[in-house]
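Top line first, the protein sequences correspond to chains A and B.
781 is the number of the first residue of the first sequence in the numbering used here; add one for each residue after it.
781 is the number of the first residue of the second sequence in the numbering used here; add one for each residue after it.
2 protein chains.
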Amino acid sequence: MADKVTSFDVARLAGVSQSAVSRVFTPGASASAATRDKVTKAAEELGYRPNTLARAMITGKSRVIGVVVAYLENQFYPMALEYLDRALKERGYHILLFMAQNDGNVGQIVEELMSYQVDGIITASVDMSNDIAKRCDDAGIPVVMFNRGQETGTLAQVTSNNIEGGRTVAHFLASGGHRKIAHVSGWQGSSTGLDRMRGFVDGLKDHGVEPVAIEDGRYSQDDAAIIARKLCGTSDRPDAIFVGNDHMAFAVMDCLRFELGLSVPEDVSIVGYDDVPIAAWPAYDLTTIRQPINKMVTATVEILLARIEQGAASERIQIPGPLKIRGSARKPKGFST
Amino acid sequence: MADKVTSFDVARLAGVSQSAVSRVFTPGASASAATRDKVTKAAEELGYRPNTLARAMITGKSRVIGVVVAYLENQFYPMALEYLDRALKERGYHILLFMAQNDGNVGQIVEELMSYQVDGIITASVDMSNDIAKRCDDAGIPVVMFNRGQETGTLAQVTSNNIEGGRTVAHFLASGGHRKIAHVSGWQGSSTGLDRMRGFVDGLKDHGVEPVAIEDGRYSQDDAAIIARKLCGTSDRPDAIFVGNDHMAFAVMDCLRFELGLSVPEDVSIVGYDDVPIAAWPAYDLTTIRQPINKMVTATVEILLARIEQGAASERIQIPGPLKIRGSARKPKGFST
DNA sequence: ATGAAAGCGCTAACAT
DNA sequence: ATGTTAGCGCTTTCAT
Chain A
781 MADKVTSFDV
791 ARLAGVSQSA
801 VSRVFTPGAS
811 ASAATRDKVT
821 KAAEELGYRP
831 NTLARAMITG
841 KSRVIGVVVA
851 YLENQFYPMA
861 LEYLDRALKE
871 RGYHILLFMA
881 QNDGNVGQIV
891 EELMSYQVDG
901 IITASVDMSN
911 DIAKRCDDAG
921 IPVVMFNRGQ
931 ETGTLAQVTS
941 NNIEGGRTVA
951 HFLASGGHRK
961 IAHVSGWQGS
971 STGLDRMRGF
981 VDGLKDHGVE
991 PVAIEDGRYS
1001 QDDAAIIARK
1011 LCGTSDRPDA
1021 IFVGNDHMAF
1031 AVMDCLRFEL
1041 GLSVPEDVSI
1051 VGYDDVPIAA
1061 WPAYDLTTIR
1071 QPINKMVTAT
1081 VEILLARIEQ
1091 GAASERIQIP
1101 GPLKIRGSAR
1111 KPKGFST
Chain B
781 MADKVTSFDV
791 ARLAGVSQSA
801 VSRVFTPGAS
811 ASAATRDKVT
821 KAAEELGYRP
831 NTLARAMITG
841 KSRVIGVVVA
851 YLENQFYPMA
861 LEYLDRALKE
871 RGYHILLFMA
881 QNDGNVGQIV
891 EELMSYQVDG
901 IITASVDMSN
911 DIAKRCDDAG
921 IPVVMFNRGQ
931 ETGTLAQVTS
941 NNIEGGRTVA
951 HFLASGGHRK
961 IAHVSGWQGS
971 STGLDRMRGF
981 VDGLKDHGVE
991 PVAIEDGRYS
1001 QDDAAIIARK
1011 LCGTSDRPDA
1021 IFVGNDHMAF
1031 AVMDCLRFEL
1041 GLSVPEDVSI
1051 VGYDDVPIAA
1061 WPAYDLTTIR
1071 QPINKMVTAT
1081 VEILLARIEQ
1091 GAASERIQIP
1101 GPLKIRGSAR
1111 KPKGFST
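Here's what the structure looks like:
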């Protein structure tokens, strides 16, 4: 018993034309106070709300943004989603959600994205970001990649400064007197994973230190735990590990503490990347690079809507992420970034 | 550029009528192999995809489900979202996401849900579930409340058996020899919070035990920590605490261990509710009632789509949640539910 | 400022 | 099996 109320019904009741009703409900349109009043009353009485779909068909704007995410178990993603929704809602847009399965059917997602007439797309750290982004971009739908980039190319992207972040961690760890330093990297098929690693290795070099091990944790807790076990299961273990994101860092810490009986940071210092809320929980108290998620989201939305609404060009933005020092890693005396 | 390709363009190129094109892209429609072939080729060539919006306008079905969630920081929600998306996608539906801010503008959300012509709505443990649900239901849009219910009423809802869950915890704790048992409840303005509490108190009564304290944690980590501090800051502390959900339980454990210097479970046993993935992390190793999220989601989608597609009646379902015994609470010898 | 009329891209009778 | 013809509910010229 519902939404069968159309602008015609309202028009009839208000004693005006249907287009008058439309005007009253269209932000920029002109209508006399009298008309406006009659229409508003009639609409109220009938419980009328404009059909967004019909409007979208005509204007060619759905005011819907397709957001593609994967693996919500890593707290970084739900946080991004929450901020994204807030920023988008402020501008009058809504999120149509797409979960990229790991066995990712990129083709299908792209099809669906397009058939729903989304005005734009945000891919959030999805493995196949590049793939999806390129195809949608080719199809003329504005895309921006959130927290993932590509080495070369012109697609819009927003990341933190991963290279600089990795370098900062290196500096911090080396200054703390660590010399046997390992790295459980983020997925080496991703720009983020690669950049953090490169910056880290580079930064270490500045201190004349070479990492004792680098292993690809692929952003998986299971993989990270396995690596931690291997790395620290011998007496020849590293005295510090930089882990490619917080999500893996938690698994690494748990493995060291509860499986290997080691202390963090006394036996091994751990540093992560992201600064998700859990990192601040006392059980982990993780020293980590803070990805300024709020700023990143704001920039993402800004860029995307500029493209959609003003046809602006694709931008590629990097936002610096400061080191958040907590208790999971030995602190250098008088450390400064 | 892009998506300006319509079924007419395809029709022209394929040398058939526009409706022939429509039929080829409509699952149940009839078209000869020849036509189907020509159309498919032409469509391919032009990069045509049907406009879902236009289709939705005619059929009156958008194949979009509005999902209202809040507070993604509690891992239970993102998990629900992930399962929901999977189950819905399987049936050809998509999720339009609505974040309910705490300062919740229920009215606006309802407006938006309706104007987007969603076929149905799922509210996931949102504070104002009842409010939103009732209004949408009144408007004729099928709604099911996920993990939240109402005492009386006919709105569709899916929860775990919270009363039974609370009772199970009581039985477990009492059997473990605990006698000074406290409860940090879920929000007492919610059915889930209330039911778990009631079941718990009831179950304790069976053992002739009365809770030493019951405080409303309102599903907030901050509130829970404050309560834990108050409860366990004295020598007269409880020897066990049942916390209304895992999310709060983590905060309680952290407070006891890192602030108060207590041991869990040696000094105080902790039991939670939900069994989110983090509960299994060694740092917490939380004994908790497992909300069978997968089954709950399946049921939710089932009920909703039955209403949408077959006009079925609203169902109210409760799914039993077993106790998952881990290490955060002393184990009774030979315990059986 | 307002009404009439022409579609947006598609599906669903209705014919053939 | 296929084409023709109405619309779905709305925005947007175009007159008035």
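From the three backbone atoms N, C-alpha and C, an ideal C-beta is built for every residue, glycine too.
Here the structure is a predicted model, which means the values were calculated and not measured.
For residue i, the nearest candidate out of the options (CA to CA)
i, options, result
"GLU1143/A", "VAL847/A, LEU935/A, GLU931/A", "This structure gives no information on residue 1143/A, because the portion of chain A shown stretches from 781 to 1117."
"GLY1119/A", "ARG829/A, PHE980/A, SER955/A, ILE921/A", "The structure shown does not extend to residue 1119/A, since chain A is modelled only from 781 through 1117, so no value can be given for it."
"LYS821/B", "LEU793/B, ALA811/B, VAL906/B, PRO1100/B", "LEU793/B"
"VAL801/B", "SER787/B, ARG1106/B, ALA1008/B, LEU935/B", "SER787/B"
"LEU1174/B", "ALA954/B, TYR857/B, LEU1011/B", "This structure leaves residue 1174/B out entirely; chain B is present only between 781 and 1117."
"HIS951/B", "SER971/B, PRO991/B, LEU984/B", "LEU984/B"
"GLY969/B", "PHE856/B, SER905/B, GLU990/B", "SER905/B"
"LEU935/B", "ASN941/B, ASP918/B, THR948/B, ARG947/B", "ASP918/B"
"GLU825/B", "THR832/B, SER799/B, ASP789/B, ALA809/B", "ASP789/B"
"PRO1045/B", "ALA993/B, LEU953/B, PRO1072/B, GLU990/B", "LEU953/B"
"VAL923/B", "GLY956/B, ASP1002/B, ALA1092/B", "ALA1092/B"
"GLY872/A", "GLY1114/A, LEU1103/A, ILE1088/A, ALA809/A", "ILE1088/A"
"LYS784/A", "VAL992/B, HIS958/B, THR939/B, GLY920/B", "GLY920/B"
"ALA1060/B", "VAL992/A, THR806/A, PHE1038/A", "PHE1038/A"
"THR1124/A", "GLN937/A, PRO1062/A, PRO807/A, ILE1105/A", "Given that chain A is displayed from residue 781 to residue 1117, the structure contains no residue 1124/A and the question cannot be resolved."
"LEU1042/B", "GLN1071/B, SER1108/B, SER940/B", "SER1108/B"
"PRO1100/A", "ARG1110/A, GLY946/A, ARG1009/A", "GLY946/A"
"ALA791/B", "ARG829/B, ASP1003/B, PRO807/B", "ARG829/B"
"ILE1105/A", "ASP1065/A, MET1076/A, GLY808/A, ARG803/A", "ASP1065/A"
"HIS963/B", "LYS1111/B, LEU974/B, GLY988/B, SER797/B", "LEU974/B"
"GLY1123/A", "ASP1047/A, HIS987/A, GLU990/A", "Nothing in the structure corresponds to residue 1123/A, since chain A is present only between 781 and 1117."
"LEU1036/A", "GLN1071/A, PRO1057/A, ARG1009/A", "ARG1009/A"
Which of helix, strand or coil DSSP assigns to residue i
i, result
"ILE1119/A", "This structure cannot speak to residue 1119/A, because chain A is shown only from 781 to 1117."
"MET781/A", "Model confidence at MET781/A stands at a pLDDT of 48, short of 50, so the residue's coordinates are unreliable; what they give is reported in the following sentence. Three-state result, MET781/A: coil."
"SER940/A", "strand"
"LYS1075/A", "helix"
"LYS1113/A", "coil"
"ASP1054/A", "strand"
"GLN735/A", "An answer regarding residue 735/A cannot be provided, because it is not within the stretch 781 to 1117 covered by chain A."
"THR1014/B", "coil"
"LEU935/A", "coil"
"LEU1040/A", "coil"
"ARG841/A", "One point to set straight first is that residue 841/A is Lys, not Arg, in the sequence displayed. In the structure shown, LYS841/A sits in coil (DSSP, three-state: anything other than H, G, I, E or B)."
"ALA1059/A", "helix"
"VAL819/B", "helix"
"ARG928/A", "coil"
"HIS958/B", "coil"
"ASN910/B", "helix"
Identity of the residues DSSP links to residue i by a beta bridge
i, result
"GLU995/B", "VAL964/B"
"VAL849/B", "MET879/B"
"GLY872/A", "According to DSSP, which records beta bridges pairwise, GLY872/A is partnered with nothing at all."
"VAL1023/B", "VAL964/B"
"ILE901/B", "GLY846/B, VAL923/B"
"LEU893/A", "In the DSSP output, where bridge partners are listed per residue, LEU893/A has none listed."
"THR1067/A", "VAL1051/A"
"LYS1104/A", "THR1068/A"
Could you list the residues in the segment 798-832 of chain B with a C-beta less than 9 Å from some C-beta on chain A, going in chain order?
-> Legend: CB atoms of the segment 798-832 of chain B lying less than 9 Å from CB atoms of chain A belong to residues GLY827, ARG829, PRO830, ASN831, THR832.
Name the residues in the segment 979-1007 of chain A whose C-beta lies less than 8 Å from a C-beta of chain B; which are they?
-> Under the 8 Å Cβ criterion, the segment 979-1007 of chain A contributes no residue.
For the segment 1057-1069 of chain A, which residues have a beta carbon sitting closer than 9 Å to at least one beta carbon of chain B?
-> Flagged, chain order: PRO1057, ILE1058, TRP1061, PRO1062, ALA1063, TYR1064, ASP1065.
At least three beta-carbon pairs within less than 8 Å, the segment 896-914 of chain A to the segment 841-856 of chain A = When C-beta atoms of the segment 896-914 of chain A are compared with those of the segment 841-856 of chain A, three or more pairs fall below 8 Å, so the two segments count as touching.
Members of the segment 914-946 of chain A that neighbour chain B once the beta carbon cut-off is set at 8 Å | The segment 914-946 of chain A vs chain B, Cβ under 8 Å: ALA919, GLY920, ILE921.
Stretch-stretch touch, CB-based, cutoff 8 Å, three pairs: the segment 926-934 of chain A with the segment 871-881 of chain A | By the criterion of at least three beta-carbon pairs nearer than 8 Å, the segment 926-934 of chain A is not in contact with the segment 871-881 of chain A.
Do the segment 906-915 of chain B and the segment 862-873 of chain B touch if we need at least three Cβ pairs shorter than 8 Å?
-> Contact between the segment 906-915 of chain B and the segment 862-873 of chain B is absent, because fewer than three Cβ pairs lie under 8 Å.
Say whether the segment 796-816 of chain B touches the segment 1016-1023 of chain A, bearing in mind that this needs 3 or more beta-carbon pairs closer than 8 Å, one atom from each stretch.
-> Contact fails: fewer than three Cβ-Cβ distances are below 8 Å.
Give, in chain order, every residue of the segment 887-914 of chain A whose Cβ lies closer than 8 Å to some Cβ of chain B.
-> So the close ones are GLU891, GLU892, MET894, SER895, TYR896, GLN897.
Kindly confirm or deny that the segment 1052-1062 of chain A and the segment 1027-1042 of chain A touch, where touching means at least three C-beta pairs closer than 8 Å.
-> When C-beta atoms of the segment 1052-1062 of chain A are compared with those of the segment 1027-1042 of chain A, three or more pairs fall below 8 Å, so the two segments count as touching.
The segment 868-885 of chain B: which residues have C-beta closer than 7 Å to a C-beta of chain A, in chain order?
-> Within the segment 868-885 of chain B, the qualifying residues are HIS874, ILE875, LEU876, LEU877, MET879.
Check distances from the C-beta atoms of the segment 1092-1106 of chain B to those of chain A and list, in chain order, the residues that come in under 9 Å.
-> So nothing in the stretch comes that close.
Would you say the segment 996-1003 of chain A touches the segment 1082-1095 of chain A, given that touching needs at least three Cβ pairs under 8 Å?
-> Contact between the segment 996-1003 of chain A and the segment 1082-1095 of chain A is absent, with fewer than three C-beta pairs closer than 8 Å.
Name, going along the chain, the residues of the segment 1031-1050 of chain B whose beta-carbon falls closer than 7 Å to a beta-carbon of chain A.
-> Cβ contacts with chain A come from ASP1034, PHE1038.
Chain B contacts from the segment 836-853 of chain A (Cβ-Cβ distance under 7 Å) = Those would be ALA836, MET837, SER842, LEU852, GLU853, in chain order.
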